[in-house]
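This report concerns only the one structure given below.
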DNA sequence: TTGACAGGCAAGTGTGCACTTGCCTATAAC
DNA sequence: GTTATAGGCAAGTGCACACTTGCCTGTCAA
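Residue numbers (our numbering), protein chains in the order written: chain A, 158 to 263; chain B, 158 to 263.
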């Protein structure tokens, strides 16, 4: 008797890794407020508005993770690279763990 | 001139930490499928269904993180401790980063 | 053409955390 | 009362990853 062993493989590990970091979440907050920012802009606003004085490279790496997860799409225009948020991958969270409807209070 | 410096503080850091780990996500999957499991049950099902042979203590620690984040509520009954999933904290994710409505296709 | 600006590749570092093992307490069954 | 079962406290370890610094390429302005 030959039983195949099938272990479920997670669909979107990148998504959770992406939102698992506080700096990356703050970047998403920023892009929600002002979509289409450049790296330079994001760095500046993180510093001024969030007291987050990370290096340019750190933020660049974070953006790469967000892009890999599909939460950010980029558009290059000359020497500028604009970053646009895309929240649709988050849909899979509430699909995976459905949020209960409000139960009527007795 | 005395300017107060106000840096936004994140509302629910625990939530993202909780779902940031793959084992914890799998535990949530398990409780979605069969709510009210004990530690022993969860360990067994993780091993058999997910090929996840973690130690009992590792899973216990994960459950503590999930409970701290409000994603799991526990009920002790004698020597058993039943774990119940509560997905309502996940609501804050789509509130924080609203998911765009489907744009009509041209 | 030169220098400034924007962003990227690469390598290295420190530490938080997911894991382990050892030992314990409480409850239940016999 | 003794043994089995369920879960917990505690301490230690290894490594993934968020960060750094150095240097580079491409674009743009003067």
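We treat Cβ as the ideally placed atom computed from N, Cα and C, and that holds for glycine.
So if DSSP puts residue i in a beta bridge, which residue, or which two residues, is it bridged to?
i                      : result
residue 231 of chain A : A:240
residue 225 of chain A : Paired residues: none, contrary to the question.
residue 194 of chain A : A:240
Between the Cα of residue i and the Cα atoms of the options, which residue gives the shortest distance?
i                      : options                       : result
residue 182 of chain A : A:237, A:247 and A:231        : A:247
residue 169 of chain B : A:167, A:178, A:168 and A:164 : A:178
residue 191 of chain A : A:239, A:235 and A:252        : A:239
To the nearest angstrom, how far is the alpha carbon of residue i from that of residue j?
i                      : j                      : result
residue 242 of chain B : residue 199 of chain B : 13 Å
residue 237 of chain B : residue 257 of chain B : 44 Å
residue 202 of chain B : residue 193 of chain A : 45 Å
residue 231 of chain B : residue 223 of chain B : 10 Å
residue 262 of chain A : residue 250 of chain B : Confidence in residue 262 of chain A is poor, its pLDDT being 44 and thus under 50, which makes the residue's placement unreliable; the coordinate value appears in the next sentence. When rounded, the distance between both Cα atoms is 24 Å.
residue 167 of chain B : residue 205 of chain A : 16 Å
With a threshold of 7 Å on Cβ separation, who are the neighbours of residue i within its own chain once the five nearest residues in sequence on each side are excluded?
i                      : result
residue 189 of chain A : 242
residue 217 of chain A : 196
Which of the three DSSP states is assigned to residue i in this structure?
i                      : result
residue 164 of chain A : coil
residue 249 of chain B : helix
residue 211 of chain B : coil
residue 187 of chain A : helix
residue 199 of chain B : helix
residue 170 of chain A : helix
Excluding the 5 residues flanking residue i on each side, which residues of the same chain have their C-beta closer than 6 Å to its C-beta?
i                      : result
residue 172 of chain A : 226 and 246
Cutting at 8 Å between CB atoms, please list the residues of its own chain near residue i, excluding the five before and the five after it.
i                      : result
residue 180 of chain A : 203, 209, 211, 215, 216 and 219
residue 228 of chain B : 172, 175, 176, 185, 242, 243, 244, 246 and 247
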